[in-house]
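If you count by UniProt numbering, then the sequence shown holds residues 1 to 942, one letter each, in order. Positions of the beta carbon are idealized from the N, C-alpha and C atoms, including for glycine. Small disclaimer: the values here were computed from a predicted structure and weren't measured. Read through the structure below, which is laid out as structure tokens, and then see the notes.
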Amino acid sequence: MYVSTLRGSSATPLPFREQKVLQELFPLADGHTDFCHTPHVTCAEGHVIRLECSRCGWQRLPQAIGDLRSLAKLQLDGNNLSSLPESLGHLLNLRHLDLRGNQLSALPESAGSLQSLQYLCLSGNKITALPDSLGNLQHLQQLRLINNTISVLPDSLGKLQHLQELSLGFNELSSLPESLCNLKSLRHLDLRGNQLSALPESAGSLQSLQYLYLIGNKITALPDSLGNLQHLQELYLNNNELSSLSKSLGRLQSLQQLYLSHNRLSSLPESLGNLQSLQQLRLFNNTISFLPHSLGQLQHLQDLYLGFNELSSLPESLCNLKSLKYLYLKNNKLTFLPESLGSLESLRWLDLSNNMISVLPESVGNLQQLQQLRLSHNRLSFLPESVCNLQTLQQLHLSSNNLSSLPESLGNLQSLKQLDLQNNQLEAFPASFGPSSRLEKLDLASNKLSSLPDSVGHLRNLRYLHLQHNTLTSFFNTSERNLQLKVLLLNHNKINMELSAFCGLNYITTLYLHHNKLRCQIPASIAQLEAIKVLTLHKNALTGSIPPELASLPSLKLLTLHENRLTGEIPSTFGTSPQLLFLSAFANDLEGPIPDMKLRSGCVDDASFRFEALVKHSSFCMTISCDQQVDLEDFQLTSKERREILDACSNLYGRCSGAPSRGPTLLLQSNRLSCPLPSDVSEDTSNANASSSLPLRSLVIAGNMLGSDWADLPWWLSDSEKQPFLYISPFKVFGIRTSSIQRLVVGSLCFVTLYCVSLRTMTSWKDHLHKFFDHQDDHTQLTHVFLIQRTLWGGPIVLMLLLCYVWQGSYYQCGHPFLKTTLAYFESKGSLSGGGRLAELGLAGLWAIWVGSCLYLVELVPKPPRAKAVRVERPSGSIFNKVMWWFSWMVIVVCLSSPSLGYAFVQSLPKRNKLQVVNTYFLKAVHYGAALVMLLIDPQSC
Numbered sequence: 001m002y003v004s005t006l007r008g009s010s011a012t013p014l015p016f017r018e019q020k021v022l023q024e025l026f027p028l029a030d031g032h033t034d035f036c037h038t039p040h041v042t043c044a045e046g047h048v049i050r051l052e053c054s055r056c057g058w059q060r061l062p063q064a065i066g067d068l069r070s071l072a073k074l075q076l077d078g079n080n081l082s083s084l085p086e087s088l089g090h091l092l093n094l095r096h097l098d099l100r101g102n103q104l105s106a107l108p109e110s111a112g113s114l115q116s117l118q119y120l121c122l123s124g125n126k127i128t129a130l131p132d133s134l135g136n137l138q139h140l141q142q143l144r145l146i147n148n149t150i151s152v153l154p155d156s157l158g159k160l161q162h163l164q165e166l167s168l169g170f171n172e173l174s175s176l177p178e179s180l181c182n183l184k185s186l187r188h189l190d191l192r193g194n195q196l197s198a199l200p201e202s203a204g205s206l207q208s209l210q211y212l213y214l215i216g217n218k219i220t221a222l223p224d225s226l227g228n229l230q231h232l233q234e235l236y237l238n239n240n241e242l243s244s245l246s247k248s249l250g251r252l253q254s255l256q257q258l259y260l261s262h263n264r265l266s267s268l269p270e271s272l273g274n275l276q277s278l279q280q281l282r283l284f285n286n287t288i289s290f291l292p293h294s295l296g297q298l299q300h301l302q303d304l305y306l307g308f309n310e311l312s313s314l315p316e317s318l319c320n321l322k323s324l325k326y327l328y329l330k331n332n333k334l335t336f337l338p339e340s341l342g343s344l345e346s347l348r349w350l351d352l353s354n355n356m357i358s359v360l361p362e363s364v365g366n367l368q369q370l371q372q373l374r375l376s377h378n379r380l381s382f383l384p385e386s387v388c389n390l391q392t393l394q395q396l397h398l399s400s401n402n403l404s405s406l407p408e409s410l411g412n413l414q415s416l417k418q419l420d421l422q423n424n425q426l427e428a429f430p431a432s433f434g435p436s437s438r439l440e441k442l443d444l445a446s447n448k449l450s451s452l453p454d455s456v457g458h459l460r461n462l463r464y465l466h467l468q469h470n471t472l473t474s475f476f477n478t479s480e481r482n483l484q485l486k487v488l489l490l491n492h493n494k495i496n497m498e499l500s501a502f503c504g505l506n507y508i509t510t511l512y513l514h515h516n517k518l519r520c521q522i523p524a525s526i527a528q529l530e531a532i533k534v535l536t537l538h539k540n541a542l543t544g545s546i547p548p549e550l551a552s553l554p555s556l557k558l559l560t561l562h563e564n565r566l567t568g569e570i571p572s573t574f575g576t577s578p579q580l581l582f583l584s585a586f587a588n589d590l591e592g593p594i595p596d597m598k599l600r601s602g603c604v605d606d607a608s609f610r611f612e613a614l615v616k617h618s619s620f621c622m623t624i625s626c627d628q629q630v631d632l633e634d635f636q637l638t639s640k641e642r643r644e645i646l647d648a649c650s651n652l653y654g655r656c657s658g659a660p661s662r663g664p665t666l667l668l669q670s671n672r673l674s675c676p677l678p679s680d681v682s683e684d685t686s687n688a689n690a691s692s693s694l695p696l697r698s699l700v701i702a703g704n705m706l707g708s709d710w711a712d713l714p715w716w717l718s719d720s721e722k723q724p725f726l727y728i729s730p731f732k733v734f735g736i737r738t739s740s741i742q743r744l745v746v747g748s749l750c751f752v753t754l755y756c757v758s759l760r761t762m763t764s765w766k767d768h769l770h771k772f773f774d775h776q777d778d779h780t781q782l783t784h785v786f787l788i789q790r791t792l793w794g795g796p797i798v799l800m801l802l803l804c805y806v807w808q809g810s811y812y813q814c815g816h817p818f819l820k821t822t823l824a825y826f827e828s829k830g831s832l833s834g835g836g837r838l839a840e841l842g843l844a845g846l847w848a849i850w851v852g853s854c855l856y857l858v859e860l861v862p863k864p865p866r867a868k869a870v871r872v873e874r875p876s877g878s879i880f881n882k883v884m885w886w887f888s889w890m891v892i893v894v895c896l897s898s899p900s901l902g903y904a905f906v907q908s909l910p911k912r913n914k915l916q917v918v919n920t921y922f923l924k925a926v927h928y929g930a931a932l933v934m935l936l937i938d939p940q941s942c
């Protein structure tokens, strides 16, 4: 049954009763009786002494379990046990009982008979109450009941005179019995995550207590007797509702760690300075506005955390803390620092972010052990020269201040690895940083830099360079430098140079060049960037075609080329790109078909992301990046900070489904693409029911001429694009495919015929028009006749415009370049002098002439004479004539508007609509006729 190494052996066979119990526990033994050779059973002297079966799926224990009289250890964690037999109390030699992670709701009363039991773990069950007999376990030393639903403790618990550890965290306790304070041997008491509002006054009787955990309760005050716990070393009171502290806390002479974060404290007692053994004091997220002077007496204090309070100043005595290594003052209201700050000779980490400090004291240069200095989000306008004396400084954070210049000697900081200067007013960067500098990350984003000193191009250790949102016009020629950058962010600048200047970045993984003024072509030498994963070139003025070498980059995952002036076809090499998952090239002048692609599924992490977070229950800060996954539960993070980390490192933490840079994604709208759509563009199977780990995102039809009347749209298109008005098949007349010459001849004949008809109609209907308007006064009659005549004369111009649109115009014709109007297939490459541009300008000019003519004709409409003395009364007609006139006019307006309404209705329907009332051919007819009808409406409205 079981194959394993020998864990226990017995020369004497097991008693029949014990064998029977084991056979009932392991029914698949198939007659095998040598249970002592299994990994779950340990035997000695012919008896079972250990039974260990974690996560075995057991749902019950047999009643005969009590026959294992020599059993010393029973470990059954991670099973599905819902109850225990009463015979469990017969295991008189049992010393270790581990039943955590089951479904137990109660303990049998017989559990109190386990006289030898020293360790009892029942964490992670559903226990609501404990039996009174539990107090009979006189040898019990450790009792763990974490993560249950216990609301009341029995008084008999106070009889456990040898109990050293009692863990009752994450239950539903609202009070503690007085008898609990009789546990004279108790050293470790865990009451985290309960509903306690107070501690009994007798809590001070726990003379042996060393560790007291009260995190996450509702405690509002502490009893004075707590000061009697002379052996207490660690006191955790985080996340409670304390508004004040008892003076008796000053008597805890052995206390080394005091955690009071996330409470309602507004002040601290002076007696706190008497805690001579205190090493860690955490008070962040309170409302403390001042500190007691006695705090300077804590000579052994190493970590002081006072962030997220309301401190406006610091006492001078604080600078007497000679052992202080970590001082955390983030998010307060400090406006200045004491000059004696330089006396903290052991200080290694100083965080003063998010305050209102405008000046640093010169004495800060005396902190010779300082490794991290954080001053982001303050009001600093300059740095003292003494900062450059910090020879051990590794990180200097000065983002979001008012710095307009930096001391030139800043380059003397030979140990500096990270320099954060983003969001300041810097116009220049000191040239003192030489090749020997250890600088690895330099952030100069959101400043006013127009150029960089040449020395920056020689920083051999630099890996991350952030220069976005400046006014830079150029960058170094990387082929002439020894830069080993991994991340270079140059977006939102004014860079205008050849892209070949960046091809020397052999180690680059992320290169941002979007929102610049690049007016060059993409060189074939871009293939030298073999390590690049993210390349953004959108919103520039790039010209020429996309080189095939760009799609062949072995590590490329994300490529953005949209909103440029790229021409030519999309290279077929995109179909073999090994890692590509995100391609955006919309709003260009790309032509031809979309090649078959194999876009991958996944997302891209932000390689530039770095976040400094405080480790829980520790005294140090750790950098969180997308290079290595960490457990975020180990850090002090707000929900906003946690979301920021998960968004930046979505691939690392398996959150690609909500990442903006996830794939497969294909964006090619607003180009000049034509031909049928490819059957597939992702790495998954090409059918409509294909299921991938992440759904494909695409937008390709809008603004292109893609589609076919002989094939269905491929499955990978988004539903928003499967609309009939977005794709139109080759031009047909009565179902017959026509050529450009045929359409020209037919259009010309229609033009001549309609022109002749309009002239004939105007001549023959002239008398009829006058008779029709006889009932009106002379002026109204002249006006109506004038408008109708001019409309008929303007008809040929409208027909000529329509002919220009029809001539050589089709929404789809594979093998020919598509252009932005259907006047012709313009073959210009973007130059203003090209034939296509002239044709577009000519068409626009024709429209301008037509509109101008309409406006001029409006001016020529006969106007009524002005009355000089006597008001002229309007002629009155019959009510019937007036009603019929307005009714006829409304019918005409409705008839002329119906094609537009039908066109809008067509747009709202999916490809295969189920609305049987509307015929598909009728919808197409309305769609094709909408433009003509709207053109006919225009002159009448003028």
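| Query | Result |
| --- | --- |
| Whole beta strand (DSSP E) elements within the stretch 442-498, 3-residue minimum | 464-466 and 487-489 |
| Chain D contact for Thr510 (CB, 8 Å cutoff) | Given the protein chain composition of this structure (a single chain), no chain D is represented. |
| Residues near Gln468 in its chain [Cβ-Cβ closer than 6 Å; skip 5 each side] | Ala445, Leu489, Asn491 and His492 |
| Beta strand (DSSP E) segments (min. 3 residues) lying fully within the stretch 557-612 | 558-560 and 582-584 |
| Where His538 falls: helix, strand or coil (DSSP) | coil |
| Assigned secondary structure, Ala44 (DSSP; H/G/I helix, E/B strand, else coil) | strand |
| CA nearest to the CA of Asn239, picked from Gly124, Leu558, Tyr259 and Glu591 | Tyr259 |
| Host alpha helix (DSSP H) of Arg643 (start-end) | Ser639 to Ala648 |
| Own chain residues within Cβ distance below 6 Å of Leu390, not counting five before or after | Leu370 |
| N- and C-terminal bounds of the beta strand (DSSP E) containing Arg282 | Gln280 to Arg282 |
| Integer Cβ distance of Leu196 from Asn217, believed to fall under 8 Å | 4 Å |
| Simplified DSSP state of Trp349, which is helix, strand or coil | strand |
| CB contact flag (Ser670, Ala541, <8 Å) | no |
| Nearest-angstrom beta carbon gap, Ser246 and Asp224 [assumed within contact, 8 Å] | 5 Å |
| Nonlocal neighbours in the same chain, by C-beta distance under 8 Å from Ser358, ignoring five residues either side | Thr335, Phe336, Asn378, Arg379, Leu380 and Ser381 |
| For Gln484, the nearest candidate out of Thr473, Ser474, Phe502 and Asn496 (CA to CA) | Phe502 |
| Cut-off 6 Å between Cβ atoms - residues of its own chain near Leu410, not counting five sequence neighbours on either side | Cys388 and Pro430 |
| Closest Cα partner of Arg348 within the set Leu314, Leu396, Pro384 and Pro315 | Leu396 |
| Beta-bridge pairing of Lys73 - partner residues as DSSP gives them | Arg50 and His96 |
| DSSP state of Ser674 mapped onto helix, strand, coil | strand |
| Residue nearest to Ser479 in terms of C-alpha spacing, selected from Leu529, Ile594 and Leu646 | Leu529 |
| Backbone secondary structure at Arg251 - three-state DSSP | helix |
| Rounded distance between the beta-carbons of Gly296 and Asn274, thought under 8 Å | About 12 Å separates the two Cβ atoms, so there is no contact after all. |
| Distance, Leu344 Cα to Ser353 Cα | 19 Å |
| Distance between Asn355 and Asn461 (C-alpha atoms, nearest Å) | 32 Å |
| Segment limits, beta strand (DSSP E) that includes Gln63 | From DSSP, Gln63 is part of no beta strand (DSSP E); its letter is neither H nor E. |
| Nonlocal neighbours in the same chain, by C-beta distance under 6 Å from Leu321, ignoring five residues either side | Leu301 |
| For Leu166, the first and last residue of its enclosing alpha helix (DSSP H) | Leu166 -> not in any alpha helix (DSSP H); beta strand (DSSP E) instead, spanning Glu165 to Ser167. |
| Buried versus exposed call for Met597 [16 or more other C-beta atoms within 10 Å across all chains shown] | buried |
| Proximity winner among Asp155, Gln629, Gly112 and Tyr119, relative to Leu97 (alpha-carbon distances) | Tyr119 |
| Helix, strand or coil at Gln808 according to DSSP, with G and I counted as helix | Note that Gln808 scores a pLDDT of 45, beneath 50, so its modelled location is shaky; the value from the coordinates is reported in the next line. Looking at Gln808 - three-state DSSP - the assignment turns out to be coil, as it is neither helix nor strand. |
| Close beta carbons around Ser261, own chain, < 8 Å, minus the five adjacent residues each side | Asn238, Asn239, Arg282, Leu283, Phe284, Asn285, Asn286 and Tyr305 |
| Secondary structure of Arg662, DSSP reduced to three states | strand |
| Residue burial classification, Ala524 (beta-carbon count within 10 angstroms, cutoff 16) | exposed |
| Cut-off 7 Å between Cβ atoms - residues of its own chain near Ser474, not counting five sequence neighbours on either side | Ile495 and Met497 |
| Within 8 Å, strictly: CB atoms of Ser451 and Leu472 | yes |
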